[in-house]
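Undergrad:
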Amino acid sequence: MKDFFKKKNILITGHTGFKGSWLSLMLLYMQGNVYGYSLKPKRLSLFNSLRLNTKLKGNKFSDIRNYKELENFVLKSKPDIIFHLAAQPIVSEGY
92 MKDFFKKKNI LITGHTGFKG SWLSLMLLYM QGNVYGYSLK PKRLSLFNSL
142 RLNTKLKGNK FSDIRNYKEL ENFVLKSKPD IIFHLAAQPI VSEGY
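Under my numbering, the first residue of the sequence shown carries the number 92, and numbering increases by one thereafter.
Given below as structure tokens:
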């Protein structure tokens with residue numbers, strides 16, 4: 092599997108969350124070019140603990156509902172693979 096992700100451009104939405112941070116770390120380990128698009132992480136987060144902002148090929152803190160910014164980031168990063176993990180985890184806020 093490591094060879095499959097090697098040198099591929101990979102975009103992860105929600106990369107600052109718990110699962111997105113782990114996925115970013117694993118894809119970096121497999122030598123993927125990881126780009127992330129997400130809201131800013133909380134101060135005490137796995138994203139900050141792993142210092143992922145210094146390891147990613149590209150990083151954008153913004154809301155995925157900002158379609159134009161998201162579109163520009165996708166065009167800039169030219170992903171081969173997209174993992175969409177951005178979500179509103181609190182159901183009542185999602186409504």
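Cβ atoms here follow ideal geometry from the backbone N, Cα and C, with glycine treated the same way.
For L116, collect the residues of the same chain with a Cβ closer than 8 Å to its Cβ; drop the 5 residues on either side in sequence, then sort them by chain order.
TA: As a first step, residue 116 is located in the sequence shown; it is residue number 25 there, counting from the start. Excluding residues within five positions, the ones whose Cβ falls inside 8 Å are L141 and L143.
Undergrad: Rank L176, Y128 and L137 by C-alpha distance to the C-alpha of Y158 and give the top, closest one.
TA: Your numbering for residue 158 matches position 67 in the sequence shown. Checking every option, the nearest Cα to that of Y158 belongs to Y128.
Undergrad: For my contact list, P95 and L130 are in at a C-beta cut-off of 8 Å; report their separation, rounded to the angstrom.
TA: Residue 95 sits at position 4 when you count from the first residue of the sequence shown. Residue 130 sits at position 39 when you count from the first residue of the sequence shown. Correcting the residue type first, residue 95 is Phe in the shown sequence and not Pro. That belief does not hold up - the Cβ atoms of F95 and L130 are roughly 29 Å apart, past 8 Å.
Undergrad: K151 by DSSP, collapsed to three states: which one?
TA: As a working note, residue 151 is residue 60 in the sequence shown. Looking at K151 - three-state DSSP - the assignment turns out to be strand.
Undergrad: Can you tell me which residues form a DSSP beta bridge with F174?
TA: Position 83 of the sequence shown, counted from the first residue, corresponds to residue 174. Paired residue(s): I103.
Undergrad: Excluding the five sequence neighbours on either side, which residues of its own chain have a C-beta within less than 6 Å of the C-beta of L147, listed in chain order?
TA: Within the sequence shown, numbered from 1, the residue matching residue 147 stands at position 56. These residues qualify, in order along the chain: V125 and G127.
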